[in-house]
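For the record, in the sequence shown the residue sitting at position 108 is 1066 according to my numbering, with numbers rising by one throughout.
Built from N, CA and C at the ideal position, the CB exists for glycine as well.
Note that the structure is a prediction, hence the values are computed from the model and not measured.
Single-structure report; data block below.
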Amino acid sequence: MAKKIVTDLDVAGKKVLVRADFNVPMKDEKITNDDRIIQALPTIKYLIKEGAKVILFSHLGRVKEEADKEGKSLKPVADRLTELLAKEVAFVPETRGEKLENAIDALGNGDVLMFENTRFEDIDGKKESKNDPELGKYWASLGDVFVNDAFGTAHRAHASNVGIASNIESAAGFLMEKEIRFIGESVDNPDRPFVAILGGAKVSDKIGVIENLLEKADKVIIGGGMAFTFFKAQGKEIGTSLLEADKVDLAKDLLERAAGKIILPIDTKVNKEFSNEGDIKAVPADQIPADYMGLDIGPETVKLYERELEGAKTVVWNGPMGVFEMTNFAKGTIGVCEAIANLNDATTIIGGGDSAAAAMQLGFAEKFSHISTGGGASLEYLEGKELPGLAAISNK
Ligand code: AMP
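Here you go:
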């Protein structure tokens, strides 16, 4: 069902509640990376331009007890946003009450206000995280309409997303809309050939994604630590490589069901220790010495994966091909990243987490059609699960 987006709402002169994802990394009350604030700008700027009264809020970290509040105020975010917008963002250090209500009533068209970390409401009975109906209703009462732009929490039903959306008209912000358009539509209705590349440490983290994409994609390319559980399922010797022994049968079953759709590495870069130094070499996938562990896909596999990607029209990538944090085991991830980035005329999507970090770190960010902003939310979306935060947004 198509969801309303912010441009479908009548916002001029209206009090517009905006759930953003300002869960930025902080050290000593200073923001160490403001990417998430920057990503939220298009929706905020649009609302200002349209003459809305903009009321921003977000969670920041986890807050279980009073002491956790220390260093978790959104005030630094309001200050940074003031700089980025070159416009005062009034900060109200409350999550409810008269002071907040009066500040909202005093807003003029195009003004912006931010209220305090929504998780401060978790101290007394997890009201935010457990989607307390009264809290959602109260927050909804502060505005006329609701814009949800926090994709990163869309896989959770909280008062600040689902709670509010259950009470007033709501729409997706531009960031959320981009996630729906790229991940949602690409997985449900992709241009073909559709190739999925899945890596990362464990099969167990990605079972749902592999199962869903096996049905939807034309090929599922596997790399990273999870490849070794598949090797084991094929009866290969994997030395001391990462193994999930309890997932070998599942891997066997997936290989059978895949009927050739799953593509595994043909060589692997090994070392005796989990280290960037030592006797590092590439060996064929079926010749891993008993006392070595595979830490990256090998050069022949990179070439194979480049060929497998040729002509792809939709590519979804989630999870590194090796221990890319160590330079000697980053080549597989870099090679695959490059191969995807160089595809012409393809929709290329990175499904969050480590692969997003790797692509940005390697300077490829601009080359992808979309880099998802959510970790857990992206994975659940790729699994084909309904995301409650998204489902709660009003239909067109
Ligand atoms: P994930 O969070 O599941 O995407 O996994 C990412 C992590 O998997 C990264 O920290 C990688 O270092 C790790 N990883 C990738 N390949 C391997 C491997 N062959 N052995 C051990 N860890 C790996």
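Residues near residue i by beta carbon distance below 7 Å, same chain, minus five either side
i: glutamine 997; result: Leu1133 and Thr1331
i: alanine 1304; result: Ala1270, Lys1271, Thr1272 and Val1273
i: serine 1162; result: Glu1202 and Lys1205
i: glycine 1293; result: Val1260
i: threonine 1291; result: Pro1278, Met1279, Gly1280, Phe1282 and Ala1316
i: arginine 1054; result: Tyr1096
Beta-carbon spacing of residue i, residue j below 8 Å
i: valine 1050; j: leucine 1042; result: no
i: alanine 1323; j: isoleucine 1329; result: yes
i: isoleucine 1179; j: alanine 1209; result: no
i: phenylalanine 1152; j: serine 1327; result: no
i: lysine 1227; j: phenylalanine 1287; result: yes
i: methionine 1279; j: glycine 1157; result: yes
i: leucine 999; j: leucine 1071; result: no
i: valine 969; j: glutamate 1008; result: yes
i: threonine 1187; j: proline 1223; result: no
i: alanine 1112; j: glutamate 1086; result: no
i: asparagine 1276; j: valine 1167; result: yes
i: alanine 1010; j: valine 974; result: yes
i: valine 1103; j: serine 1128; result: yes
i: isoleucine 1298; j: leucine 1262; result: no
i: glycine 971; j: asparagine 1060; result: no
i: isoleucine 1006; j: arginine 1038; result: no
i: aspartate 979; j: phenylalanine 1109; result: yes
i: asparagine 1229; j: leucine 1340; result: no
Residue i to residue j span [Cα, whole Å]
i: methionine 1251; j: threonine 1198; result: 5 Å
i: glutamate 1202; j: leucine 1253; result: 15 Å
i: glutamate 1023; j: asparagine 1075; result: 13 Å
i: aspartate 1146; j: lysine 1174; result: 7 Å
i: glycine 1236; j: histidine 1017; result: 44 Å
i: threonine 1001; j: tyrosine 1096; result: 23 Å
i: glycine 1342; j: alanine 1064; result: 43 Å
i: asparagine 1302; j: glutamate 1296; result: 12 Å
i: alanine 1243; j: aspartate 1211; result: 20 Å
i: proline 1034; j: valine 1241; result: 50 Å
i: aspartate 1069; j: proline 1091; result: 28 Å
i: lysine 1354; j: serine 1144; result: 20 Å
i: leucine 967; j: glycine 1101; result: 13 Å
i: alanine 1185; j: aspartate 1225; result: 11 Å
i: glycine 1089; j: glycine 1083; result: The question names glycine, but residue 1089 is asparagine in the sequence shown. Approximately 10 Å between the Cα atoms of the pair.
i: asparagine 1234; j: serine 1313; result: 20 Å
i: alanine 1098; j: glutamate 1344; result: 23 Å
Contact set for residue i: own chain, Cβ-Cβ below 8 Å, skip 5 residues either direction
i: alanine 1130; result: Lys961, Lys962, Ile963, Val964, Val1105, Asn1106, Asp1107, Ile1138, Leu1348 and Ile1351
i: arginine 1150; result: Asp1176, Lys1271 and Thr1272
i: threonine 1040; result: Glu1046 and Val1047
i: leucine 1172; result: Val1178, Leu1212, Arg1215, Ala1216, Lys1219 and Ile1220
i: valine 1021; result: Lys1027, Lys1030, Asn1075, Arg1077, Phe1078, Asp1080 and Ile1081
i: lysine 1194; result: Ala1243, Asp1244 and Ile1246
i: methionine 1318; result: Ile1329
i: leucine 1355; result: Nothing about residue 1355 can be reported from this structure: the residues present for the chain run from 959 to 1354 only.
Paired residues, beta bridge with residue i - DSSP
i: leucine 1156; result: Ile1180 and Asn1276
i: alanine 1048; result: Leu1071
i: arginine 977; result: Phe1015 and Asn1106
i: threonine 1226; result: Val1241 and Ile1255
i: isoleucine 1221; result: Ile1179
i: histidine 1328; result: Ile1307
i: asparagine 1353; result: Lys961
i: alanine 1314; result: Answer by DSSP bridge pairing: none, since alanine 1314 is not bridged.
i: alanine 1270; result: None; alanine 1270 has no bridge partner.
i: asparagine 1087; result: Going by the sequence as given, residue 1087 is serine instead of asparagine. For serine 1087, which the question treats as bridged, DSSP gives no partner whatsoever.
i: isoleucine 989; result: Met984
i: serine 1128; result: Phe1104
Spatial neighbours of residue i in its chain, beta-carbon cut-off 6 Å, leaving aside the 5 residues before and after
i: glycine 1310; result: Ser1330, Gly1332, Gly1333 and Ser1336
i: proline 1346; result: Ala1115 and Val1120
i: alanine 1159; result: Gly1183
i: glycine 1019; result: Lys1030
i: phenylalanine 1189; result: Ile1196
i: isoleucine 1238; result: Asn1229 and Asn1286
i: leucine 1200; result: Gly1183 and Phe1186
Chain D within 8 Å of residue i, Cβ atoms only
i: glutamate 1268; result: This model lacks chain D altogether; it includes just one protein chain.
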